[in-house]
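J.: Chains as they are written, first to last, in our numbering: chain Y, 1 to 204; chain U, 1001 to 1204; chain V, 2001 to 2204; chain W, 3001 to 3204. Think of the CB as a built atom: it goes at the ideal place given N, C-alpha and C, for glycine as much as any other residue. Here the structure is a predicted model, which is why all the values come from computation and not from measurement. Following this message is one structure expressed as structure tokens.
Protein chains: 4
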Amino acid sequence: MSRTIGSNGPKTMEAIYAAGLGLIYRHGYAAMSLRQLASEVGIQPGSLYNHIRTKQDLLFSLLQTHMETLLHALNEALEPHTTPEEQLRAFVAFHVNYHITRRAEVFICYSELRSLEPANYEIIVSLRRAYERRLMMILAGGNAEGAVTVPDIPATAYALLAMLTGVCTWYKPGGRLSPEDLVALYTELTVRAAKPLPSLHTQT
Amino acid sequence: MSRTIGSNGPKTMEAIYAAGLGLIYRHGYAAMSLRQLASEVGIQPGSLYNHIRTKQDLLFSLLQTHMETLLHALNEALEPHTTPEEQLRAFVAFHVNYHITRRAEVFICYSELRSLEPANYEIIVSLRRAYERRLMMILAGGNAEGAVTVPDIPATAYALLAMLTGVCTWYKPGGRLSPEDLVALYTELTVRAAKPLPSLHTQT
Amino acid sequence: MSRTIGSNGPKTMEAIYAAGLGLIYRHGYAAMSLRQLASEVGIQPGSLYNHIRTKQDLLFSLLQTHMETLLHALNEALEPHTTPEEQLRAFVAFHVNYHITRRAEVFICYSELRSLEPANYEIIVSLRRAYERRLMMILAGGNAEGAVTVPDIPATAYALLAMLTGVCTWYKPGGRLSPEDLVALYTELTVRAAKPLPSLHTQT
Amino acid sequence: MSRTIGSNGPKTMEAIYAAGLGLIYRHGYAAMSLRQLASEVGIQPGSLYNHIRTKQDLLFSLLQTHMETLLHALNEALEPHTTPEEQLRAFVAFHVNYHITRRAEVFICYSELRSLEPANYEIIVSLRRAYERRLMMILAGGNAEGAVTVPDIPATAYALLAMLTGVCTWYKPGGRLSPEDLVALYTELTVRAAKPLPSLHTQT
DNA sequence: GATGAATGAGCATTCATTCAT
DNA sequence: AATGAATGAATGCTCATTCAT
């Protein structure tokens, strides 16, 4: 009803990204219609195309921005740490904190990979591999020093990442456990899993 | 003019479920069209309605059948075991084996919950909670006995389930690691995570 | 309002072709909307797709059917005739008669060539070349015998075809001139143009 | 932010007409979008409206300018000639030369008549009728003097015009035949068609 | 004179579903 | 149990046009 008039440029763009992120998170890319999106933003469907090229492009931008921000933030978080165990703890703390504050981005970055066209898929997947490699290198460093001992580095990395990322699916802000609790919990589980049980090894 | 070849009779139903499972797994429920499904089955779209009531019904049947089969199989797998650690190992072995052989069912059972209508959603989620409770009870039993010591039972259960279920997303049959290797690996990681690091506790 | 129900197969198909032909003739391919077409046929827009694959396909089918029918009919019309002048007269009579009874088909076959996708374009253009070649061969036969003398066979053929086809743009059934009058007129003009002016040649 | 480069000032108008002519010629009025046009001109779609009132107006201006220029040029070309045969030859030479140098204008002036709104249509069609009347009056003058003898003046005029105008559809600059060749060819064909075959008439 | 963001209508096409046969 | 033709709503996207800046 209330007709907005005149240039509204960058605000509209941000609103589209924000609303698009939420809709894809809640309903999925295929199930989100651009009419819904436009209506949440408060413009007509056709007007979306002053800001995005296609629906696919919106998804790709969302994922790419997220992955690049994530990688950059990870690098900053790991920088000060030198020993494998410190790095592992820093990784867990960073991952959990980042993932519970950006649940939507993280979630769609896993769930909507299949909605990407092949060329876009390759780009996002290679960014994700770079992220996974950081964890693998930490584990490898630990294995080398003996501070950390994991059975199979890639498989363990995938297992730990799945565990840590899973927090997104059940964490709700304001719930029983605070972010700090979660970081403590996941750090404990990860560090345990990454170290051999001394008794077992002593006995062997 | 007359009867076109294609699947017929009771086989059609099975073919619809099998093709539907694959399509939802690969493309997602919203992105799968009943025309695609019919064409994979070898019938006309209208003919689907001799076998299913609606698209939603097909999804629900797939998930419900999966969850009930899963729960039943879990009960059988846990039955012979009595101590918490044995039960935990049995749970991991069962979960990993089952999940890597039914990757599609397992995957859509997580990813397509949001595509369920509210009534159907409640039914599936409560089945899933029953499954999760089994793990929580094992952990609780372990904590009670001291054989296993986890910081927060529900949170640990979710973390472990996420880790174990994650195997579906990267396991490919015929890959570097055999199912037995995976069971061994995940058992090791789970048991480590579920037991305190003696050094820590000795020192405290 | 009045809902037509049940199978109406081949009739609908014919109605789509007939209405499509008329709409493309009157408004042009680009300016014809499938909504218009559906409404002329008396069905919903989506129902068109039970009969045609795409809008482009409809255009192509119309043109291809026309060109193949035209070529076939020309062959029949020319068959009984043997001398170049007889063949030329038969060609003119056939062309004029056919073109004033199928004005729409003929018109769109010229005007909508540019609306065809490349692959379809090639097919239609090669059919049209086959038609033009028939006239060129008649002229060549005449030149050889001396019964007919034209300056440049391809250019003359194009000129005559343009002249003869032009009848479509101004002929209206029931007008001042009957089809027979037109055939007589165009035959006279064509035969005159195809024969040298004796005076000119005597003098040279 | 500030002023974008691109065409500016009075040149923009010319660029719009030139690009519009080419686009309508190649794709047709309905199939040409103002976005395409703007992009060829190097401005934004909205900026077009500083120069044209509507898309329809652009088409009308193009056709009106063409027709008025054409009529004026014809008058100049015919002025020096007095006998019907001289006038007929002058008409053919003018028409062919003009049409092969302004193929686009000529083509759209026939093909896009139907895209004109009724009021605009009437104006253009009446200009075209004035052009056709010039040829009819030449033929009538010839018939009166006996120098030229055609069966039915309007029909013959339409036939000849169609033949002469057809040159646009197949002439390509730099092809096998030069403009002079074409003028000679079309003059020959026209003069032949406009004169009776003496032999026929002697025998009758 | 140009921009960029907006509108509202319209586009070709696809969808889940129905139903007479 | 299957078909094929239909529906009506929805899809992503494009259109000519407007207008504050």
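Going by Cα to Cα distance, which pick from U:Tyr1029, U:Leu1037, U:Arg1026 and U:Ile1100 is closest to Thr1012 (chain U)?
T.: Ranking the options by Cα distance to Thr1012 (chain U), first place goes to U:Leu1037.
J.: Among residues of its own chain, excluding the 5 on either side of His66 (chain Y), which ones have a beta-carbon nearer than 6 Å to its beta-carbon?
T.: Glu105 and Cys109, listed in sequence order.
J.: Residues of chain Y with a CB under 8 Å from the CB of Met1163 (chain U): which are they?
T.: Result: Ala159, Leu160, Ala162, Met163 and Gly166.
J.: If we call anything under 8 Å between Cβ atoms a contact, is Thr1190 (chain U) one with Leu1160 (chain U)?
T.: Yes, the pair counts as a contact, with Cβ atoms nearer than the cut-off.
J.: Can you tell me which of V:Arg2035, V:Arg2102 and V:Ala2144 puts its alpha carbon nearest to the alpha carbon of Cys2168 (chain V)?
T.: Ranking V:Arg2035, V:Arg2102 and V:Ala2144 by Cα distance to Cys2168 (chain V) puts V:Arg2102 first.
J.: Short of 7 Å in beta carbon distance, which residues of its chain neighbour Gly3020 (chain W), apart from the five on each side in sequence? Order them along the chain.
T.: For Gly3020 (chain W), where only same-chain residues beyond five positions count, the Cβ hits under 7 Å are Leu3037, Leu3058 and Leu3062.
J.: Measuring CB to CB, does Met136 (chain Y) end up less than 8 Å from Ile123 (chain Y)?
T.: The answer is no: Cβ separation not under 8 Å.
J.: Hey, could you find the ends of the alpha helix (DSSP H) Leu2048 (chain V) is sitting in?
T.: Leu2048 (chain V) -> no alpha helix (DSSP H), and no H or E assigned at all.
J.: By the criterion of Cβ-Cβ separation under 9 Å, what are the contact partners of His27 (chain Y) in chain U?
T.: Result: Ala1030, Arg1114 and Ser1115.
J.: Buried or exposed for His3095 (chain W), please, with buried defined as at least 16 other CB atoms from any protein chain shown within 10 angstroms of its CB.
T.: By the 10 Å Cβ count, His3095 (chain W) comes out buried.
J.: Run down chain U in chain order and give the residues with a C-beta less than 9 Å from the C-beta of Asp152 (chain Y).
T.: The answer, in chain order, is Arg1176, Leu1177, Asp1181 and Leu1185.
J.: Could you name the residues of chain Y that Thr1054 (chain U) contacts, counting a contact when the two beta carbons are closer than 8 Å?
T.: Residues of chain Y passing the Cβ test: none, with the nearest at roughly 16 Å.
J.: Interface residues of chain V around Ser3126 (chain W) at Cβ under 8 Å?
T.: None at all; the shortest Cβ gap to chain V is about 16 Å.
J.: What residue range does the alpha helix (DSSP H) around Asn1097 (chain U) cover?
T.: Element bounds for Asn1097 (chain U): Pro1084 to Thr1101.
J.: At a CB-CB cut-off below 7 Å, which residues of chain V make contact with Ala3193 (chain W)?
T.: The answer, in chain order, is Leu2189, Arg2192 and Ala2193.
J.: At a cut of 8 Å, does the segment 175-182 of chain Y reach the segment 116-131 of chain Y through at least three beta carbon pairs?
T.: These segments do not touch.
J.: In terms of alpha-carbon separation, which member of U:Lys1195, U:Ile1052 and U:Gln1064 lies closest to Pro1010 (chain U)?
T.: Answer by Cα proximity: U:Ile1052.
J.: Could one say the Cβ of Thr3156 (chain W) lies closer than 8 Å to chain V's Cβ atoms, at least one of them?
T.: True, the Cβ-Cβ gap to chain V drops below 8 Å.
J.: Measure the alpha-carbon distance for Glu3145 (chain W) versus Arg3089 (chain W) and round it to whole angstroms.
T.: Those two C-alpha atoms are separated by around 16 Å.
J.: Just checking: is the beta-carbon of Ser1997 (chain V) within a distance shorter than 8 Å of some beta-carbon in chain W?
T.: A question about residue 1997 (chain V) goes unanswered here, because the residues of chain V that appear run from 2001 up to 2204.
J.: Just list the alpha helix (DSSP H) runs in the segment 106-188 of chain Y, keeping only unbroken ones of 4 residues or longer that don't cross its boundaries, in chain order.
T.: If we require 4 residues or more, the alpha helix (DSSP H) runs fully inside the segment 106-188 of chain Y come out as 118-145, 153-165 and 167-170.
J.: Just to confirm the assignment: which complete alpha helix (DSSP H) runs, minimum length 4, are found wholly within the segment 2004-2039 of chain V?
T.: Segments of the alpha helix (DSSP H) lying fully in the segment 2004-2039 of chain V: 2009-2027.
J.: Going along the chain, which residues of its own chain have a beta-carbon closer than 6 Å to the beta-carbon of Thr3069 (chain W), five neighbours each way excluded?
T.: No residues qualify anywhere along the chain.
J.: Thr1187 (chain U) and Val1092 (chain U): beta carbons closer than 8 Å?
T.: Going by C-beta atoms, Thr1187 (chain U) is nearer than 8 Å to Val1092 (chain U).
J.: If you draw a straight line from the alpha carbon of Leu1200 (chain U) to that of Gly141 (chain Y), how long is it in whole angstroms?
T.: Confidence at Leu1200 (chain U) is low in this model, with a pLDDT of 41, below 50, so its placement is unreliable and the value that follows should be read with caution. The straight-line gap from Cα to Cα measures roughly 22 Å.
J.: With distance defined between alpha-carbon atoms, name the residue in U:Leu1182, U:Val1183, U:Arg1192 and U:Ala1030 nearest to Val148 (chain Y).
T.: Among U:Leu1182, U:Val1183, U:Arg1192 and U:Ala1030, the Cα nearest to that of Val148 (chain Y) is on U:Arg1192.
J.: Can you tell which of W:Gly3028, W:Ile3043 and W:Phe3060 has the C-alpha that lies nearest to the C-alpha of Tyr3121 (chain W)?
T.: Cα-wise, what sits closest to Tyr3121 (chain W) is W:Phe3060.
J.: When burial is assigned at 16 or more other CB atoms within 10 Å of the CB, is Pro84 (chain Y) buried or exposed?
T.: Pro84 (chain Y) comes out buried.
J.: Can you grab the Cα-Cα spacing for the pair Glu2112 (chain V) / Ser2126 (chain V), in whole Å?
T.: Cα to Cα, Glu2112 (chain V) sits roughly 15 Å from Ser2126 (chain V).
J.: How many angstroms separate the CA atom of Glu2014 (chain V) from the CA atom of Gln3056 (chain W)?
T.: Distance between the alpha carbons of Glu2014 (chain V) and Gln3056 (chain W): 34 Å.
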